[in-house]
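In the working numbering, the protein residues as written are 8 to 882.
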Amino acid sequence: MPAPPAPPGMDALAAPPAPPGLDPLAADALLAPPAPPALDMPAEDPLAMPAPPAPAGLDPLAADALLAPPAPPADPLAADALMAPPEPPADLPDLTAALPVEGVQGAGEDKVDATEEGLSGVVAGAVLRSSDEVDSIAGDKLEGSIHEVEDTTVDADGHVTKQKVTGTLTLSNPSKDDRVYDVDAVMSDSSSTNLKGNVVSVEELEPGQEHAVSYTVSDRNMLMMAERFDTNPARDKERSLSLAMGAENTISLELEVRNVASTGLHDVVVTRPLPDGMNVTEVEHATVEDGTLTWDVGHLDVGASSTIVVRGTLVATGKDPVSSGAATATYRADAALSTMNFEDLDAFCRGFAYMRSVEGERPDTWEVTAVFENRSSFAVDLVKLQARLKGSDELLFDFSDVNEDVAPHGEWRSESVSVASAEKPDLTWELSYTVLPRTSATTEGTLTMTPRDLAIVDATVEKSYSKSKLHSYREQTVQAEIRITNTGSSVINLMRLTDDIPGVFHAVDSSTLKIKQAGQSLPPEQFKADVSEGITLEGEHHSPDGAGHTLTLTIGRKGPIGMAPGEVVVVTYDLVAPDPSPQNERVDAPIRGEFSCERFGPVCERDVESAPSVRVVHNRRDFSAGKQALKVGGRGRYEVLILFENNGDTPLADVQLKDVIPPGYEMTDCEVRANNSALENVETSQETDATGTTVIWHLPSVGKAERIDVAYMIKGEGDIDTDLLNTFHGAVFGDEIEDDDAEPEAPAEAEEASEEVESAPAVKFRDDVLDRVMDAHGIDSEHRDAFIAHAAAFDHDGNNYLKKQELEDAATAWNEAHGDSSEDEGAAEAEEEAEASESDDAEVESADTKSCPICMKDVAADATECDCGFKFEEN
């Protein structure tokens, strides 16, 4: 194989003679570097580019010949082809980096085209330098970059709930003119990626070309972010996330970021929209604009953390949950989140290496120099140079990571080494080099915190009594009912009720207390009832009968009750009014409820919108009832008049007027009038037996000061008992009706009046004082009720109690009005006898006349027509 041409300006040296016993024809073989030792085939790298096929016409058995530099082509036009490396054989393994360029110094000066001696598979071993240092060196570089992007979702405690990290490993040739080949990237710490293996190999990169490999990363973090949100910071035992409806809720927001990477983080920025309606009152190291918090954290050293606190207030105006807002943190790092990095990165470019041996001034001495010519636009890093005399273990040159980089289109020469030799030194040498690599790793990340809903605590409180009026001086029982409805969006787990019990009632008997939630009774251990002396809430309408009591009821004592939105809790208990006095004109019984979702959360306070009110009515029944039968024209004809008048304090319900028609008579022409107005469709019922026909008129109610008149005619034959005919057979009525048309209270016993009666006025007095005053003024005890009715008008102070002086004044007035009543008794009796006699005479006269039922005019008994036009029936 002919030797390569000598460098310009240098004479070519003759080849040394062949060693003894060696066929001269084989001398050229000494110029070739030794074949590499046998290598095991590594596992195939799926990311590596496939090796090119063997050159056409090449015998695989001649593979060793590839280690020698090729002969220059015969065609001068093809001289540039010497600068390009040959295609590597297909049967050689693709390993991790360039095989060192080796040569054997033979006759003349050996020159080896370094671009053609490289074999992929051996790491060049160049030391990776910082980007700043590499950038300060002239020339193109082989660029390797790692860029990873994190998109992670975390909860408020900083725990990762979702993560996506994508990475791109890129190998680039930035040159505009020269290619690189046998590019090998050896990666470290790639276990958190889905890369199969730690080596990425590329056969060739044309000018401006790049090779990118995508991958994903798992189980790695650089930045952690946590948040502590509290809607009731005054109670710092536990944080809460509920809001009290309508109240000014105090908000505390604490944000923390922490660097958990092995490198510093840059440009850390946290942004967070604040809850709608939040008014910020305190914030440091951050800005708030248009409801968004921006916190420029900046740089975070390894293991460092930073925290800010934001305080404010928030008024919830609706029951829908309020979003707390989602915090977002962004950062940048000059390292990979996966911690993967370049361990080695090398590639070949156009290069030329040779040994120059120059005979010295003195015989048998030679000056040997190693030369590398860079024939590309890249900066070249000489990694290793070793040379020795053939057959010797002593190194003439031993350079590891040569300090001087070879500039683009530049040359590197070693220092000369003197070698004593009668002939030109026969050298074996090894050179490793690579295109100067520039590596970088970067990460950009975004952390988003899942927003939380701030539920609204709200409820309504209703309270009612089964009675709104109490009768004076009668023991009565009233049932109280409290209804709490969850009208918010938050679950209510604890409530406290403060309930006024007016002084008109006894204290609550806890045995009557019942609590139901959603229709189910709560166990006794879930609530606690305390009764204290005196009322708490009502400030105006008190009961004069006593100081009252306060019922404090705690529900949810042993654990959360879980009252969902829309659910109802009903509390009932009995109250006893032992002796309500008439002075209880208005007594209010308000209640207040306090509700919370968390044990230490904000409290929603609600007062009952309409507090129940009771009053004591001092009613006394007062009515008039009577009956009168009048004989009308014609035998056996009578007109019957029935009167019922309600003079009491309240209307009466279910009034029944009863009358009996004598046997042999029947009722005709019945009319019922109320205060002189005719009543239509009055229900009546009749029942006939041996004593006559019983007729009942049913009236739904008779109002205060309302008078009912019933007039009907009876006609018949036979004897009639006039006393029985004039007897009032009674009025039966049921409940008293409240003035405000409330439902009737407990049924009252029906009362029957057999004759006209007036009840005693509603006044009080001492019986012994009344008796002494009546005796002193000569008032007969048989007039007792009449006198009491008369004395009621002398209640000068209006307290419904007659003192002795007031009774004395009443007695004096009584005697003045009834002074000659005893003298007139005889005259009255004589008058009554005269009236009876006249009545008998009238009966006799009535047999000769008859009365017109229309105009009530008496006409002759045998008259067939009245002047008014009414025609009598003929007998």
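C-beta atoms are modelled at their ideal positions from N, C-alpha and C, and glycine is treated no differently.
Nearest-angstrom Cα distance between residue i and residue j?
i: serine 313; j: glutamate 245; result: 23 angstroms
i: valine 209; j: tryptophan 302; result: 44 angstroms
i: glutamate 482; j: arginine 628; result: 18 angstroms
i: proline 280; j: arginine 318; result: 14 angstroms
i: arginine 642; j: phenylalanine 735; result: 23 angstroms
i: leucine 89; j: tyrosine 338; result: Low local confidence applies: a pLDDT of 35 at leucine 89 is under 50, so the model's placement there is unreliable, and no value is given.
i: proline 572; j: glycine 495; result: 6 angstroms
i: proline 458; j: glutamate 234; result: 10 angstroms
i: glycine 723; j: glutamate 673; result: 6 angstroms
i: leucine 102; j: glycine 310; result: Because leucine 102 carries a pLDDT of 31, less than 50, the predicted location of this residue cannot be relied on, and no value is offered for it.
i: serine 182; j: glutamate 437; result: 28 angstroms
i: serine 202; j: glutamate 350; result: Serine is not the amino acid found at residue 202; the sequence shown has leucine there. The alpha-carbon atoms of leucine 202 and glutamate 350 are separated by roughly 15 angstroms.
i: threonine 122; j: valine 224; result: With a pLDDT of 41 at threonine 122, under the threshold of 50, the modelled position of that residue is not reliable, and the figure given next carries that caveat. Roughly 37 angstroms between the two C-alpha positions.
i: arginine 357; j: threonine 173; result: 35 angstroms
i: glycine 367; j: arginine 395; result: 19 angstroms
i: glycine 215; j: glycine 417; result: 22 angstroms
If you count every other CB in all the chains shown that lies within 10 Å of the CB of residue i, and 16 or more means buried, which is it?
i: aspartate 676; result: exposed
i: glutamine 527; result: exposed
i: proline 551; result: exposed
i: glutamate 380; result: buried
i: tyrosine 188; result: buried
i: lysine 634; result: buried
i: serine 143; result: exposed
i: valine 134; result: exposed
i: proline 585; result: exposed
i: glycine 737; result: buried
i: histidine 478; result: buried
i: arginine 779; result: exposed
i: serine 692; result: exposed
i: alanine 487; result: buried
i: proline 370; result: exposed
i: proline 619; result: buried
i: proline 587; result: buried
Between residue i and residue j, how many whole angstroms is the CB-CB distance? I'm expecting something under 8 angstroms.
i: cysteine 611; j: valine 498; result: So it is not a contact: roughly 12 angstroms between Cβ atoms.
i: glycine 452; j: methionine 229; result: 6 angstroms
i: aspartate 353; j: lysine 397; result: Rounded, the Cβ-Cβ distance is 28 angstroms, inconsistent with contact.
i: aspartate 162; j: threonine 346; result: In fact, because the Cβ distance is near 25 angstroms, the residues do not count as touching under 8 angstroms.
i: serine 439; j: valine 390; result: 4 angstroms
Are residue i and residue j closer than 9 angstroms when you measure CB to CB?
i: tyrosine 808; j: isoleucine 721; result: no
i: leucine 520; j: valine 578; result: yes
i: leucine 706; j: leucine 664; result: yes
i: isoleucine 649; j: isoleucine 542; result: no
i: valine 442; j: leucine 176; result: no
i: histidine 273; j: aspartate 185; result: no
i: asparagine 266; j: leucine 307; result: yes
i: valine 647; j: alanine 681; result: no
i: asparagine 500; j: isoleucine 598; result: no
i: valine 817; j: alanine 800; result: A small fix is needed here, since residue 817 is alanine in this sequence, not valine. Contact flag set, yes.
i: isoleucine 562; j: leucine 529; result: yes
i: alanine 377; j: arginine 420; result: yes
i: threonine 320; j: asparagine 256; result: yes
i: threonine 238; j: serine 249; result: yes
i: glycine 600; j: valine 468; result: yes
So for residue i, helix, strand or coil by DSSP?
i: arginine 642; result: coil
i: aspartate 226; result: coil
i: histidine 556; result: strand
i: glutamate 547; result: coil
i: aspartate 774; result: helix
i: leucine 814; result: helix
i: aspartate 353; result: strand
i: threonine 346; result: coil
i: methionine 456; result: strand
i: glutamine 216; result: coil
i: phenylalanine 406; result: strand
i: proline 825; result: Residue identity differs from the one stated: residue 825 is histidine in this sequence, not proline. Correct three-state label for histidine 825: coil.
i: arginine 279; result: strand
I'd like to know if residue i contacts chain C, where contact means its C-beta is closer than 9 angstroms to some C-beta of that chain.
i: valine 667; result: Given the protein chain composition of this structure (a single chain), no chain C is represented.
Check whether the Cβ of residue i lies closer than 8 angstroms to any heavy atom of the ligand MN, and answer yes or no.
i: tyrosine 672; result: Only the bare structure without any ligand can be found here, which leaves the ligand MN out of the picture.
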